[in-house]
Each structure stands twice: as structure tokens, then as C-alpha cells.
Amino acid sequence: MEEHFMIRETREGSEAIRRTIVENKEVVRTLVRELKGRGVDRGFIIGSGTSFHASLVLGFLLSKYTGLHFVAVPASEFEDWTPLVTSDYAIIAFSQSGESSDIIKAVKAAKTKGVFVIGITNTPGSTLTKISDFSLITRAGEEKAVVATKTYDAQLAIASLLAYNVSDTPLAEVNRGKLEQAHVLVKEVLEIESTIKDIATRYKEAEHAFILGRGVNYPNALEMALKLKEAAMIHAEGFAVREFLHGPVQLVDETTPVIIFLPTKKSLKESEKTIDKLKSYNAKIIA
988 MEEHFMIRET
998 REGSEAIRRT
1008 IVENKEVVRT
1018 LVRELKGRGV
1028 DRGFIIGSGT
1038 SFHASLVLGF
1048 LLSKYTGLHF
1058 VAVPASEFED
1068 WTPLVTSDYA
1078 IIAFSQSGES
1088 SDIIKAVKAA
1098 KTKGVFVIGI
1108 TNTPGSTLTK
1118 ISDFSLITRA
1128 GEEKAVVATK
1138 TYDAQLAIAS
1148 LLAYNVSDTP
1158 LAEVNRGKLE
1168 QAHVLVKEVL
1178 EIESTIKDIA
1188 TRYKEAEHAF
1198 ILGRGVNYPN
1208 ALEMALKLKE
1218 AAMIHAEGFA
1228 VREFLHGPVQ
1238 LVDETTPVII
1248 FLPTKKSLKE
1258 SEKTIDKLKS
1268 YNAKIIA
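Following the working numbering, the residues of the sequence shown are numbered contiguously, the last one being 1274.
Here you go:
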């Protein structure tokens, strides 16, 4: 059977990350100089759907590693935030296509306030690039599937590259080095595709699923839930790990798959109480 576009483009994520980082290093450094020259220290990050989840990731990284204060807001909701915008703000707008009507409307509203607008898109020459003051182009290549895969990978790469270059801390310098190898790690994940397929087959009839993450992986939990809804037609919800204990855990039983992002020993230790609670409900835990 011929593989569909989503599978093919998922496998292209590693190269999308590598190209995005390599081809944006100098551009990002130029942007950082521009931001510092303008004295920008706050603003909003906007996006829709998958691009909003990338906005949340960038907001988290800027808060953790820099002195900048950026709030992630869904593009469709930005109208209510516009009165707060002043000319010393910056707006960072994520859009894979660069043509999302909600994004274009929000950016145009922001421009009336005289703010500096940064567009992040996978589509050179798109409307977003034309109305932005500065553009960052992700290098994922054409994405034919409706469900975003490699373009999200590239958005996370550009978000990390930007945050780690704004920061001048030793930790950010270390992370810049690690970012250079991110595409290698993604390729290693693809090597266990058969295991992932076995897990997917086991739970493909599930009516509900929950995905949990903390820190930077909270937005990724939201994104995975979106993927299950959009591509697998499974009702799925993403939560911050410990927030799941405050009500939603009551929906769990022995038929419920719960996926938890646990990338480090620290995250495992911090999630132990939640895991123990899930075990008491006989949940099917996938970590």
C-alpha cells in the first residue's frame, strides 16, 4: 500500500529541523540585534492550531532563558488583546502557510499600533512575509498533508534557535550546541517506528485518550491531542501533568490510554504522584 503524505512528511522532520537551523543561524542573529536595538522586552506570540502550540513553546523558552516577556495568544483571540499593545511591543506570528485569515487580521491590527512584527512561516512570498517587518522562513519544504508534521518540527527548531540566541547565559550556549544535534535525535526516534506502530494498533479503537506533559512538553501534549483528533478521529485532550489530577483523572478507566512525556529522570520524579494515581485507576500508561 502506498504511504500517505502524513507518514512521508513525518519522516522528513529530521531534515526539516536540520535545514531550518542551518539556514536561519545568521538571520536569527540579525533579528536578535534588531530586537535589542529597539529595546523590545515584551509582546505577544500568535498562531492558530498547531502554530499556536509552537507559540506556546516559544513563549515558554523566552520566559525561561531570557528577560523577555511574551504572551502566547490564539490569533483568533488577539483582537481582545490589541488595546494593550503599544509601539514598544513586538508581535511574533506563526503561520505555516502565511495566509491564515486569523493571523493576517491579527497582524494588520497590530500594525496599526506601530509595533515591530516578526512573521515565521514555511512559505516565502506569502502574505505574512509581505506585511511583517522581519521574516523567518522555516525550511521544511512543501507540506501536502492537511495535518502539520514536519512544519511543526521546523517551528520548534526556529523557536529554540531564537530563544537560545536572545539569551546570553551559559545554559543557553550549551543548548545552542545541543540544538545542532536535534535532527539526529529525531532520526533515532524514527528508527523505532515499528514499535510505535504496534502501540498505535493496540489502542486504535480507544474512544478517548489523554496526553500529559510539563514545561515545554505541555504545548507538545496539546499538539499530540490535536493530532489524534484531527488524524485518528480519537477524542483526545492534553493537560499539564499535575493539572490532570484536578478533575480530569475521574474520566480514566482500564480502557483509557494516557500518554505522558517523560524526557528526563527529573520529569519522571516530578510525575510520580500522577503516575501512581493513574495506576490506581488501571489506566493504560504510555511513557
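All C-beta atoms, glycine included, are put in the ideal place defined by N, C-alpha and C.
Query	Result
C-beta atoms of Ser1122 and Arg1201 nearer than 9 Å	no
Range covered by the alpha helix (DSSP H) that runs through Thr1114	Thr1114 to Ile1118
Pairwise C-alpha distance: Glu1241 and Ser1042	34 Å
Complete beta strand (DSSP E) runs within the segment 1025 to 1062 (minimum length 3 residues, chain order)	1029 to 1034 and 1056 to 1061
Ile994 beta carbon less than 9 Å from that of His1170	no
Any non-hydrogen atom of the ligand ADP closer than 8 Å to Glu1175 Cβ	This structure simply doesn't include the ligand ADP, nor any ligand for that matter.
The segment 1155 to 1166 in contact with the segment 1055 to 1066 per 3-pair CB rule at 8 Å	no
Alpha-carbon spacing of Thr1125 relative to Asp1089, whole angstroms	20 Å
Entirely enclosed alpha helix (DSSP H) segments - the segment 1144 to 1190, minimum 4 residues	1157 to 1166, 1169 to 1177 and 1180 to 1190
Inter-residue Cα distance where the pair is Leu1232 and Lys1174	34 Å
Assigned secondary structure, Leu1018 (DSSP; H/G/I helix, E/B strand, else coil)	helix
Validate contact between the segment 1221 to 1236 and the segment 1188 to 1201 using beta carbons, cut 8 Å, 3 pairs	yes
Where Arg1005 falls, given that 16 or more other Cβ within 10 Å makes a residue buried	buried
Coarse secondary structure for Thr1131, derived from DSSP in three states	Sequence inspection shows Lys at residue 1131; the Thr mentioned does not correspond to that position. Reduced to three states, the DSSP call for Lys1131 is coil.
Met988 burial status per 10 Å Cβ neighbour count (16 or more: buried)	Any answer about Met988 is weak, because its pLDDT of 46 lies below 50 and its placement is not dependable; what the coordinates show is given next. Exposed: under 16 other Cβ atoms inside 10 Å.
From Gly1046, Thr1073 and Asp1140, residue whose alpha carbon lies closest to that of Tyr1151	Gly1046
Three-state class that DSSP yields for Val1239 in the structure shown	coil
For Ala1077, the residue or residues it bridges with in DSSP	Gly1030 and Phe1103
Reduced DSSP category for Glu1224 - H, G, I as helix; E, B as strand; rest coil	strand
Phe1121 in three-state terms, based on DSSP	strand
Alpha carbon of Leu1166 to alpha carbon of Leu1143, nearest angstrom	11 Å
Three-way DSSP call (helix, strand, coil) for Leu1249 in this model	coil
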